[in-house]
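The structure appears below as C-alpha cells.
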Amino acid sequence: MTVNKLFEGIEVFVEVVKRGSFASAAQQLGHSNSHISKEMNKLEARLGVRLLNRTTRSLALTPEGEAYYQQCIQLISDAQDAFNLVTQGDDTPKGNLKLSCPIGLYRSHIQSILVKFLKLYPNVTLDLDLSDKRVDLVADGFDLVIRATPALDESSLICRKIYTCPTYVVASKSYIEQYGQPYHPKELNNHHCIGYSNHKNPGKWTFTPVDGEQFTVDVKLKALCNNGEAETALVEAGIGITRLPEFYLSGGIATGNLQILFEEYQQPTVNVYAVYPSRKHQSSKVRRFIDMLSNELLD
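If you're matching positions, the sequence shown starts at 1 in UniProt numbering and goes up one per residue.
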C-alpha cells in the first residue's frame, strides 16, 4: 500500500472522534456530512475493520478503533512536531499537553511549576486530569502522568524520578485529647485508623526501628478512602489516625493541628515519577516540562 493510501482518511477519523459526530467534524474540516461519511466508510473498508459503532444519537469507538485512534493522534502530533522543527527552526514546546497528577501532590508541588511552564511557553495548551485513581497512559491518551508510589511495576513505561517524599503517621490534637496518644505502633490495634484504599493492603502498616527488623501491624480501620485529601480531612477532624505522604499532610503539620507519631521509626518513602509510554516520541513540551519538574523538585 502506498504512503498516500496509508494516510487517507486519518484526519477525518480523528476529527470525528474528537468532535463526537460527523456533523461537527464536517463543520470543523469544511466538508459536507456526506463527504465525512464516505471517507469513514472508505477507511474502514481499506482497513477491513469497523472503527466506530454508530447509532442515530451517538458514536463509540470499537476496541480496534480505540487502538487505531491512539496511533493516529500520535502520528499527527509527530508530523506537526517535525513540521514546526523544520519551518520554525526551533524546538519550542507547543501543542496540547495531556497530564494526570494526584490531587494533593498537584496542590502542594506541581501547580506552581505548571503555571510557570505555561507562562514560559504560551503556545502550549493543557488538558489536566486531577485524580488519585491510576490512569491508563496509552488507552487514555496521556502525554505524561505524575505518579507517587514506592516503586513502579510497568516495564513498558519510561519514567524519571523527580522527587522522594517522606510519609508520616499522624493524628490530630482533638483525636489525641479524646483517645490518647499511641507510643508504639502495635498500640494502633486499639485505635481508629484510616486507610488509603488505592494501596494493595491498606490495613497493613510496616515500621522499621532504627536498630531493629521491620515489622507489620494490622491496624484497626475506622474508614477507607481512595482520595488522600479526603483522608486528610477526616484525620484533621479527629476521626482517626492515618499514614500518608508529606504532601497531603504538610499544611496540618505546619499549623500544629496534626501531630507526627512514631518519629523514632523509619517510615516508607514515596517516589514521585514522571511517566510516559515508551512507544511515544518524547515531544519537546513533555521533555521541557519534565526538566522543569526535576530542577524544581529533585532532592
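Glycine is no exception: its CB is placed at the ideal position from the N, C-alpha and C atoms.
Alpha carbon of residue i to alpha carbon of residue j, nearest angstrom
| i | j | result |
| --- | --- | --- |
| residue 184 | residue 177 | 17 angstroms |
| residue 139 | residue 180 | 48 angstroms |
| residue 25 | residue 16 | 5 angstroms |
| residue 124 | residue 74 | 16 angstroms |
| residue 231 | residue 242 | 8 angstroms |
| residue 240 | residue 229 | 14 angstroms |
| residue 248 | residue 198 | 15 angstroms |
| residue 71 | residue 101 | 23 angstroms |
| residue 141 | residue 62 | 16 angstroms |
| residue 31 | residue 42 | 16 angstroms |
| residue 109 | residue 203 | 28 angstroms |
| residue 277 | residue 105 | 21 angstroms |
| residue 297 | residue 6 | 43 angstroms |
| residue 160 | residue 55 | 43 angstroms |
| residue 295 | residue 80 | 28 angstroms |
| residue 226 | residue 8 | 44 angstroms |
| residue 145 | residue 236 | 29 angstroms |
| residue 60 | residue 53 | 5 angstroms |
| residue 118 | residue 93 | 10 angstroms |
| residue 291 | residue 165 | 18 angstroms |
| residue 289 | residue 122 | 13 angstroms |
| residue 210 | residue 168 | 16 angstroms |
| residue 47 | residue 82 | 26 angstroms |
| residue 207 | residue 224 | 20 angstroms |
Where residue i sits in the DSSP three-state scheme
| i | result |
| --- | --- |
| residue 280 | At residue 280, the pLDDT of 49 sits below 50, so the modelled position is not reliable and the matter cannot be decided from this model. |
| residue 134 | coil |
| residue 171 | strand |
| residue 9 | coil |
| residue 183 | coil |
| residue 158 | strand |
| residue 267 | coil |
| residue 274 | strand |
| residue 299 | Only weak support is given to the placement of residue 299: the predicted model assigns it a pLDDT of 49, under 50, and the question is left unresolved by the model. |
| residue 92 | coil |
| residue 291 | helix |
| residue 189 | helix |
| residue 176 | helix |
| residue 347 | The shown model of the chain, from 1 to 299, leaves out residue 347, and the question about it has no answer. |
DSSP bridge partner residues for residue i (one or two, in chain order)
| i | result |
| --- | --- |
| residue 216 | 206 |
| residue 127 | 98 |
| residue 144 | 99 |
| residue 259 | 171 |
| residue 245 | 167 |
| residue 224 | 195 |
| residue 149 | 271 |
- Item | Segments assigned alpha helix (DSSP H), at least 4 residues, entirely inside the region 22-87 | 22-29, 33-47
- Message: I want to know whether the region 253-273 touches the region 121-132 - three or more CB-CB distances under 8 angstroms.
- Response: In this structure the region 253-273 does not touch the region 121-132; the number of beta carbon pairs closer than 8 angstroms is below three.
- Do the region 8-23 and the region 36-43 make contact, defined as three or more Cβ pairs closer than 8 angstroms? yes
- Query: Between the region 143-150 and the region 262-281, are three or more C-beta pairs nearer than 8 angstroms?
  - Reply: yes
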